[in-house]
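Counting along the sequence shown from 1, when you hit position 197 you're at 185 in the working numbering, and nothing is skipped either side.
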Amino acid sequence: MSFDFDTIHSRLGTGSTKWSRYPDDVLPMWIADMDFAAPPAVLHALRERIDQQILGYSVAGPQVRDAIVAELWDKYAWRVQPDELLFLPGVEPGFNMALHAFVQPGQPVVLQSPNYRPLRLAPGNWNLPSIEVPFELRNGEYLTPLPALRTALNGAGALLLSNPHNPIGKVFPREELLAVANACLDSGALIISDEIHAQLCFDGRLHIPTASLSPDIAQRTITLMSASKAYNVAGLKTCFAVVQNAEVRERFNAARCGMVDSVSPLGLEATRAAFSQCGEWLEALLQYLQGNRDYLLDAVRSRLPGVVMHAPQGTFLAWLDCSALGLNDPHAFFLQQAKVGLSAGIEFGDDSQQFVRLNFGCPRAMLEEGIQRMERALSQR
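This is how it looks when you write it as structure tokens:
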């Protein structure tokens, strides 16, 4: 079956966060929200659910849980029980709940940098100190400096891990991920693993859930996953946490504190359909996204002089180094001169002022339009 990723769907005037932030003449390529229609099977399942006409409070029944359990086994050989799943209206509430439940006042929270802004801000929500450990760039690949990580974890309450990593697109290989997880075990730090981009890996890479590495690691890990990124249903506000330690699961669930509610019936139905009926669609999407990544990589090298891009191994996000351009603010330059709305690097790390993040999860023609605008702006400097 063939799927259409080339059609440009107008999202102006639809209440889209992505398309509402900037004036209409700006091409938005910032927030991690793809400009593709959701999978046909998901849309069909949603229509059938709406036809039931009653949309009351809902719980995740066996069909949803079984679809997720099967997905985790089929894709990652990770054996999870249905009762080890907790449903939340987003990954962000999940990692905030975990920090509130398990990290004691004064205990640091460790992150690798650059990193997703809500992860960076989460410790401050609970008045917790944070320690950011920068990746080391070697031969075009971002690597974890393990000695520095171990030092940072000494006395820390938790590691906030992003895998696949936002914004650099790193897919952690087993050996490195195991070393990171073992460093947490040695220090006693909880692992809070944001794996929302798990399904989006390129070049034959396979995502490895942190908790699948060993039973001991599973006992100290809260994993946050969702269908939202890969199947473009983020607006349905549904994610799930995998917590295999019963005591940790009970304590984590209690940290909702009246602030983190249940999820919608439409989000649950979309999750079930995505994981049980959309395998072909996901495979086609990955091929298209990898093609977009390679197209962008070639364009950056040949048409955007002074911009450096290292090929992301996963996600649909490109981390562009604009240091050689000599700009005070690359984000402002491309917004004002190119009319392209990117994510500002400073959101991801204090040392990332010279970076921007570009979302290439869009039809190829839209990606080319963004490249042309940036190319023109650089040529007219």
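Think of the CB as a built atom: it goes at the ideal place given N, C-alpha and C, for glycine as much as any other residue.
Source: prediction; values computed, not measured.
Outcome for residue i when other beta-carbon atoms lying within 10 angstroms are tallied against a minimum of 16
i: Pro102; result: buried
i: Thr391; result: Not covered by the structure: residue 391. The range shown for the chain is -11 to 369.
i: Tyr130; result: buried
i: Tyr45; result: exposed
i: Asn347; result: buried
i: Asn115; result: exposed
i: Asn113; result: exposed
i: Thr5; result: exposed
i: His32; result: exposed
i: Met247; result: exposed
i: Glu238; result: exposed
i: Arg35; result: exposed
i: Ala287; result: buried
i: His(-3); result: exposed
i: Asp23; result: buried
i: Pro111; result: buried
i: Ser367; result: exposed
i: Ala242; result: exposed
i: Leu109; result: exposed
i: Arg37; result: buried
i: Leu149; result: buried
i: Ser216; result: buried
i: Leu224; result: buried
i: Leu43; result: exposed
i: Thr132; result: buried
i: Leu0; result: exposed
i: Thr226; result: buried
Contact check, residue i vs residue j, beta carbons under 8 Å
i: Leu74; j: Ile56; result: no
i: Arg352; j: Val328; result: no
i: Val221; j: Ala25; result: no
i: Val30; j: Ala258; result: yes
i: Val79; j: Gly145; result: no
i: His185; j: Gly49; result: no
i: Glu120; j: Leu99; result: yes
i: Arg291; j: Glu235; result: no
i: Met(-11); j: Glu271; result: no
i: Gln325; j: Ala365; result: yes
i: Leu355; j: Asn280; result: yes
i: Leu284; j: Ala306; result: yes
Spatially closest choice to residue i from the options, by CA coordinates
i: Asn151; options: Ala199, Gly128, Pro253; result: Ala199
i: Val52; options: Leu330, Gln265, Asn347; result: Gln265
i: Ser118; options: Leu134, Leu125, Gln92; result: Gln92
i: Gln394; options: Ala258, Ser202, Asp12, Glu163; result: Summary: the structure shown does not reach residue 394, with the chain confined to residues -11 through 369, and so no result is reported for it.
i: Ala374; options: Cys350, Gly279, Gly358, Glu363; result: Shown here, the chain extends from -11 to 369; a query on residue 374 therefore has no answer.
i: Pro106; options: Ala242, Ser250, Pro155, Asn170; result: Pro155
i: Met17; options: Gly192, Leu315, Asp249, Ile359; result: Ile359
i: Gln275; options: Thr139, Phe304, Ser8; result: Phe304
i: Arg244; options: Leu0, Ser(-10), Gln368, Pro77; result: Pro77
i: Pro197; options: Glu59, Arg35, Pro11, Pro28; result: Glu59
i: Gly157; options: Asp191, Gly176, Thr226, Arg9; result: Asp191
i: Phe263; options: Asp12, Pro28, Ser367, Met22; result: Pro28
i: Arg193; options: Gly176, Arg162, Gly223; result: Arg162
i: Phe(-7); options: Leu273, Asp71, Gln368; result: Leu273
i: Asp373; options: Leu149, Thr139, His153; result: Residue 373 lies beyond the range of the chain shown here (-11 to 369); nothing can be said about it.
i: Phe176; options: Arg126, Arg289, Leu224, Phe90; result: It is worth fixing the name first, because residue 176 is Gly in this sequence and not Phe. It is Phe90 whose Cα lies nearest to the Cα of Gly176.
i: Gly314; options: Ser252, Pro122, His153, Arg369; result: Arg369
i: Gly337; options: Leu330, Glu357, Pro122, Gln40; result: Pro122
Nearest-angstrom Cβ-Cβ length linking residue i and residue j, presumed shorter than 8 Å
i: Ala218; j: Leu254; result: Contact flag wrong, Cβ pair sits at about 17 Å.
i: Gly82; j: Leu212; result: 4 Å
i: Val168; j: Leu137; result: 7 Å
i: Leu147; j: Leu141; result: 7 Å
i: Ser214; j: Phe228; result: 7 Å
i: Val68; j: Val230; result: 6 Å
i: Gly143; j: Gln95; result: 7 Å
is_contact[residue i, chain D] using C-beta, thresh 8 Å
i: Asp191; result: This model lacks chain D altogether, as it is built from one protein chain only.
Residue i: CB within 7 Å of a non-hydrogen atom of the ligand ATP
i: Pro93; result: Among the ligands in the structure shown, none appear at all, so the ligand ATP cannot be discussed.
Would you be able to state if there are at least three C-beta pairs under 8 Å between the region 56 to 76 and the region 287 to 299? These segments do not touch.
Count the C-beta pairs between the region 336 to 348 and the region 309 to 322 that are closer than 8 Å, then say yes if the count reaches three, no if not. Per the Cβ contact rule, the region 336 to 348 is in contact with the region 309 to 322 (3 or more Cβ pairs under 8 Å).
When the Cβ atoms of the region 318 to 325 are set against those of the region 207 to 220, are three or more pairs found closer than 8 Å? Touching, no, given that fewer than three Cβ pairs across the two stretches are closer than 8 Å.
For the region 169 to 182 against the region 77 to 92, do three or more pairs of beta-carbon atoms, one drawn from each stretch, fall closer than 8 Å, so that the two count as touching? The answer is yes - the region 77 to 92 touches the region 169 to 182, with three or more Cβ pairs under 8 Å.
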